[in-house]
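Input: a single structure, listed below in structure tokens.
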Amino acid sequence: MKPIDFPQSTKVLQKPSTMSDNECSSLHVWNDGKQCVSCWKPTFKERINILFGGKVWLGVLSGKTQPPVFVSGEAVFNKQPLKDRISAFLSEVKESIIEAWESLAEAAKHPDKRKHFIVGAIIALVVGILFGALVGFIAGSLAGAIKEWWDSKGHGMVELMDFVFTVIGALCGALVALMICALFNINSVLSWLLK
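When you read off a place in the sequence shown, starting at 1, and then add 265, the result is the number in our numbering.
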């Protein structure tokens, strides 16, 4: 944006002698002793940015006697190149996955979590063989959700990891059920019996 002259202006603030015309221009202002007002004209690109971004940036550059002021309709902060931003995002995702994996590995050492895994796997395997792998997975996951709901009613301690291990067990059990059904070339035992 560039400062422009306006009819009500009472004073012209000159640019510092240390700055060139490209770096700083004169600033027409209206001054009543309490406040100082200036008028700025945005470029076409800045108008579009203001229209869609809704932001105008006011900045003051460091100066000795009269600090130069600037107004911009564009973000004034230096953005990293797209490649660097994508790289940083992928790095954060990688760190999150590693942390989640380490958390799962640590939780797997507890007998309680192994019990939840086995229960989810058995339910999914049995129901998956009888009714299909997807139904088995849903049944195993639902069993974990019901157990956590029961714990939330004061019958135990609610732990998200218990549910996670039940779902992982249900996934493993459903995959085994799917392999067994594929081995015998049937969708499920129930569909085979009803033929």
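We put the beta carbon where it would ideally sit given N, CA and C, even for glycine.
Say whether the segment 402-413 touches the segment 383-391, bearing in mind that this needs 3 or more beta-carbon pairs closer than 8 Å, one atom from each stretch. yes
Thinking L395 and V454 are a contact (beta carbons under 8 Å), I'd like their distance in whole angstroms, please. That belief holds up - the Cβ atoms of L395 and V454 are roughly 5 Å apart, short of 8 Å.
Between the CA atoms of V441 and D416 - distance to the nearest angstrom: 29 Å
May I have the straight-line CA-CA distance separating L278 from S303, to the nearest angstrom? Looking at the two C-alpha atoms, the distance is approximately 10 Å.
Contacts around D286, its chain only, beta-carbon distance under 7 Å, and the 5 residues preceding and following it disregarded: For D286, there are no CB contacts under 7 Å within the same chain when 5 residues up- and downstream are skipped.
Extent of the continuous beta strand (DSSP E) to which I269 belongs: Unbroken beta strand (DSSP E) run through I269: K267 to I269.
Among L425, G393 and P272, which one has its Cα closest to the Cα of A447? G393
Is the CB-CB distance between A410 and F402 below 7 Å? no
Strictly by DSSP, which residues pair up with L399? In DSSP, L399 forms no bridge with anything.
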